[in-house]
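Following: one structure in structure tokens, then a few remarks.
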Amino acid sequence: MANLAVGLMLMLMLQVFEPALSQPYPNYHADFVDIDQAKSEPKWWQTGAFYQIYPRSFKDSNNDGVGDLNGIADRLPYLKELGITATWLSPIFTSPMADFGYDIANFTEIAPVFGSMADFEQLLSVAKQLNIKIILDFVPNHSSDECEWFKRSAAGDPEYKDFYVWHPGKLVNGVRQPPSNWVSVFRGSAWQWHEGRQEYYFHQFVKKQPDLNYRNPKVREAMKNVLRFWLAKGVAGFRIDAVPHVFEIAPDAAGQYRDEPRNNGNNDPDDYGYLQHIYTVDQPETINLVYEWRAVLDEFSNGPGDDRILLAETYSPIDIVMQYYGNATAEGAQLPFNFLLISEISNSSNAEAYAASILKWLTHMPQGRTANWVLGNHDQSRVGSRLGTDRMDMLNMLTTTLPGASVTYQGEELGMTDVWISWKDTVDPSACNTNPSIYEHYSRDPERTPFQWSGATDAGFSNASKTWLPIGPSYKIVNVEQERQQPLSHFNIYKQLMQLRKTTPTLQLGETQVKALTRNVLGVKRFRQHDFTYVTVLNLFDDTETVNLKDSFSDLTTDLEVVLVTDKSTRKVGDFIKAESLQLLPKESLILRSTSTYYTYYANGEHRQLPVEGVYLLLAQVALYLSYRRVLTLSTYS
Ligand code: GLC
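Numbering (mature numbering (1 follows the signal peptide of the UniProt record, and there is no 0)), first residue to last: -22 to -1, 1 to 616.
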């Protein structure tokens, strides 16, 4: 009885002194990151499962071979089943489709091939019922040359005259030449001569995508009104397309544009890589423009559940990417996309490379901001082709157990891979602007083929005699219907992962440690006061590996329980492993949980954890010792 009382008293003291003991953790260890969100409830997007839909290829409801809005609405329950928080749609606006919707003719109109405004409103309402947020693609850098604004600009209409970047060019030996050597992302000069206006216009992408002139306040306002139009309809935010391209340098005092310097090593003057893009990309004005857009979104946000958000597409150097989050006085994009797992990780990357890449984001990220992890999109070779289908599950495990939001490109929850497309079937302008011998290097068609719903005709995507891109040959095996039936399919593991994160506060709010446990084994530890610790381990290669988790991560319990497995494992959920000696089969990945919750404290400049079972043990010993002393004292006096 006395022991119990002493124990209870100590527990009470622990509670009282706890705030003093568990000070905020310092953020100076390279492998240790403090995230502010650990201190409060996360907002809807902070631990969100984002899913990109490429509408042309998701679901075709009217059998014309192209996906559409009614198709998406029809399949939103599938996203719900997966556990998706929000979906961002590649452009659905009126367009001649020179770049498959990234060439917009009317920013506030739905392209007939995708449906009508009524269809879009219906999609929003189905999404609302299912509690899935809809995010649109905002393409600020350019419009289509078939946009009314461009037509009027070309005709010299005073209101629109300076909506685009026009220049008469240079006269060299009496011959007219483009104003500068600037090259388009999709090959060739970025300047196009316009017969009507007798001037060149600038286009960073194909010539049917003239760049808007952001040095004109009217353009800035017109594009803000585009945001307002869709926000008023109830969209949850925007993915901002090609944001680093929005501004180019202003002409000099003589009205001329400077040439960009050469990139040594690239000898193809039509290739984008031929030049260093110091005047056309990442101009300082761009960041402030994103802050202005964020302010527009905030006009429409009604409380935390209704936060409207920006996801920014930028492959810029890390220091620039981080500025998109905002600064001390202005908020920016809530989630500038983290493409490091795409741009830095290859098939041969070892655990050290993974850890370095993950920590690069986490250690550069300003305090209080939210991380995100992107594995693929419609411009990149699919992750299954890039890093291997046998790594799909472990990569999904990684991105869902790291802090912050995860972003999945449609089909990658099934393990869809790139589909080879012949030159004849190639439609992507980025490839069509090249030639049959090099097009594969430029084409984005392989990752854009129709979604594989079933083993039926056209993979259940459509009943058209011809789909806009061919169906991938794997569709009989890699499809939703098949994978639903296999307990350890990519689809079912993905689903379990979404569920696990949604129901696990440690994964949503906990602190993070990322380490290469060996050259080939990556480990992520997530931990939190009064909660279970989670450890994700990935054996990236084909050797059997034995790791001592206690060597890398302090304060683990002796045993850890298996919470999630893949088909590379012989273990089952509910098995226990020894933290000191864990053998991993080739490409095996596991999510493990401590057998006890933790008491977290801060001592000698270090942050430590004590398993609660350990706290009780300690208390029992103290109580025993005290009662022993009492017995001694009593016997001395008796
Ligand atoms: C972005 C899009 C890409 C498009 C380009 C031009 O990078 O993701 O698909 O071609 O911008 O809009």
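Where a beta carbon is used, it is the ideal one built from N, C-alpha and C, also for glycine.
As the structure is a prediction and not an experimental result, all values here were calculated from the model.
Verify the contact flag: ALA220, CB atom, against every heavy atom of the ligand ZN, threshold strictly below 6 Å. As for the ligand ZN, it is missing from this structure, which binds only the ligand GLC.
Validate contact between the segment 165 to 177 and the segment 101 to 119 using beta carbons, cut 8 Å, 3 pairs: no
Taking 8 Å as the cut-off, does the segment 210 to 229 touch the segment 256 to 275 (at least 3 CB pairs, one atom from each stretch)? yes
Our contact map puts ARG462 next to ASP357 with C-beta atoms below 8 Å; I'd like the distance itself, whole angstroms only. On the sequence shown, residue 462 is found 484 positions in, with the first residue counted as 1. On the sequence shown, residue 357 is found 379 positions in, with the first residue counted as 1. At roughly 29 Å, the Cβ-Cβ gap does not stay under 8 Å, so ARG462 and ASP357 are not in contact.
On the three-state DSSP scale, how would you describe GLU226? The sequence position of residue 226 within the sequence shown is 248, counting from 1. In this structure, GLU226 counts as coil in the three-state DSSP scheme.
One question on the structure: do ALA89 and PHE78 come within less than 7 Å of each other, judged by their Cβ atoms? Walking along the sequence shown from the start, residue 89 turns up at place 111. Walking along the sequence shown from the start, residue 78 turns up at place 100. No. Outside cutoff.
beta-carbon TYR80 near the ligand GLC non-hydrogen atom, thresh 6 Å: By one-based count along the sequence shown, residue 80 stands at place 102. Flag set: Cβ of TYR80 near the ligand GLC.
For TRP339 versus THR258, is the C-beta spacing smaller than 7 Å? For this step, residue 339 is matched to residue 361 along the sequence shown. For this step, residue 258 is matched to residue 280 along the sequence shown. The answer is no: Cβ separation not under 7 Å.
In chain order, each alpha helix (DSSP H) run of at least 4 residues that lies wholly inside the segment 241 to 306: 263 to 278, 296 to 301
Quick one, which of PRO69, PRO156, VAL91, LEU101 has its alpha-carbon nearest ASP81's? The sequence position of residue 81 within the sequence shown is 103, counting from 1. Ranking the options by Cα distance to ASP81, first place goes to PRO69.
Taking just the CA atoms, how far does LEU516 sit from ALA598? Here residue 598 refers to the residue found at position 620 when the sequence shown is read from its first residue. Here residue 516 refers to the residue found at position 538 when the sequence shown is read from its first residue. Cα to Cα, the separation comes out at about 38 Å.
Is the segment 558 to 577 close to the segment 526 to 533, with three or more CB pairs under 8 Å? yes
Which full runs of the alpha helix (DSSP H) of 4+ residues lie inside the segment 172 to 196, going along the chain? none
CA-CA distance, TYR372 and SER335? Taking the sequence shown and counting its residues from 1, one reaches residue 372 at position 394. Taking the sequence shown and counting its residues from 1, one reaches residue 335 at position 357. Sequence check: residue 372 is Met here, not Tyr. Those two C-alpha atoms are separated by around 16 Å.
By Cβ distance, which residues of its chain are closer than 6 Å to ASN441, with the 5 residues on each side in sequence left out? Counted from its first residue, the sequence shown places residue 441 at position 463. Excluding positions up to five away in sequence, the list reads ASN41.
Could you check what DSSP says for PHE128 in three-state terms: helix, strand or coil? Counting from one through the sequence shown, the residue named residue 128 turns up at place 150. If DSSP states are grouped into helix, strand and coil, PHE128 belongs with the helices.
Would you tell me roughly how many angstroms separate the C-alpha atoms of VAL352 and LEU289, rounded to the nearest one? Residue 352 sits at position 374 when you count from the first residue of the sequence shown. Residue 289 sits at position 311 when you count from the first residue of the sequence shown. VAL352 and LEU289: Cα-Cα distance of roughly 11 Å.
Check for me: the alpha helix (DSSP H) holding VAL458 runs from which residue to which? To locate residue 458, count along the sequence shown from 1; it is residue 480. VAL458 -> alpha helix (DSSP H) spans 458 to 463.
Chain B beta carbons: is any one of them nearer than 7 Å to that of LEU485? In the structure shown, chain B cannot be found, because there is only a single protein chain.
Do three or more CB pairs link the segment 175 to 194 to the segment 137 to 145 at distances below 8 Å? yes
Inter-residue spacing [alpha-carbon to alpha-carbon] between VAL385 and GLY354: Translated into positions along the sequence shown, residue 385 becomes position 407. Translated into positions along the sequence shown, residue 354 becomes position 376. Whole-angstrom Cα-Cα distance: 8 Å.
Whole alpha helix (DSSP H) runs in the segment 67 to 109 with 4 or more residues, listed along the chain? 95 to 108
If you draw a straight line from the alpha carbon of ASP246 to that of ASN109, how long is it in whole angstroms? By 1-based counting over the sequence shown, the position of residue 246 is 268. By 1-based counting over the sequence shown, the position of residue 109 is 131. The alpha-carbon atoms of ASP246 and ASN109 are separated by roughly 50 Å.
Starting from ARG217, trace the alpha helix (DSSP H) in both directions and tell me its first and last residue. Residue mapping note: residue 217 aligns to position 239 of the sequence shown, counting from 1. Counting along the chain, ARG217 falls outside any alpha helix (DSSP H), though it belongs to the beta strand (DSSP E) covering 215 to 218.
Is any heavy atom in the ligand GLC found nearer than 6 Å to the beta carbon of TYR183? Numbered from 1 along the sequence shown, position 205 holds the residue referred to as residue 183. Reading off the sequence, residue 183 comes out as Phe, not Tyr. The answer is yes for PHE183.
Note down, in chain order, each residue of its chain lying with its Cβ closer than 6 Å to the Cβ of GLY45, except the 5 sequence neighbours on either side. The sequence position of residue 45 within the sequence shown is 67, counting from 1. Cβ neighbours of GLY45 beyond the five flanking positions: PRO33, ARG34, SER35, PHE36, LYS37, ASP38.
Straight-line Cα distance separating ASN151 from TYR179: Indexing the sequence shown from 1 puts residue 179 at position 201. Indexing the sequence shown from 1 puts residue 151 at position 173. Looking at the two C-alpha atoms, the distance is approximately 22 Å.
Buried or exposed: where does SER467 fall if 16 or more other Cβ atoms within 10 Å of its Cβ makes it buried? Translated into positions along the sequence shown, residue 467 becomes position 489. Per the 10 Å Cβ criterion, buried.
Identify whether LEU518 lies in helix, strand or coil by the three-state DSSP scheme. Within the sequence shown, residue 518 is the residue found at index 540, counting from 1. DSSP places LEU518 in coil when its eight states are reduced to three.
Could you tell me the boundaries of the alpha helix (DSSP H) in which TRP339 lies? Translated into positions along the sequence shown, residue 339 becomes position 361. It spans 329 to 342 - the alpha helix (DSSP H) in which TRP339 sits, taken as one unbroken run.
For ALA311, which of helix, strand or coil comes out of DSSP? Counted from its first residue, the sequence shown places residue 311 at position 333. ALA311: coil per DSSP, three-state reduction.
Compute the Euclidean distance between the alpha carbons of ALA96 and ASN48, then round it to the nearest angstrom. Within the sequence shown, the letter at position 118 stands for residue 96. Within the sequence shown, the letter at position 70 stands for residue 48. Straight-line Cα distance between these residues: approximately 10 Å.
Is TRP431 buried or exposed, if buried means 16 or more other CB atoms sit within 10 Å of its CB? Position 453 of the sequence shown holds residue 431. With 16 or more Cβ atoms within 10 Å of its Cβ, TRP431 is classed as buried.
Measure the alpha-carbon distance for PHE128 versus GLN187 and round it to whole angstroms. As a working mapping, residue 128 is identified with position 150 in the sequence shown. As a working mapping, residue 187 is identified with position 209 in the sequence shown. Distance between the alpha carbons of PHE128 and GLN187: 10 Å.
C-alpha gap between ASN241 and SER122, whole angstroms: Here residue 241 refers to the residue found at position 263 of the sequence shown. Here residue 122 refers to the residue found at position 144 of the sequence shown. Each residue's Cα considered, the two are about 30 Å apart.
What's the C-alpha gap between LYS196 and THR427? Your numbering for residue 196 matches position 218 in the sequence shown. Your numbering for residue 427 matches position 449 in the sequence shown. Distance between the alpha carbons of LYS196 and THR427: 38 Å.
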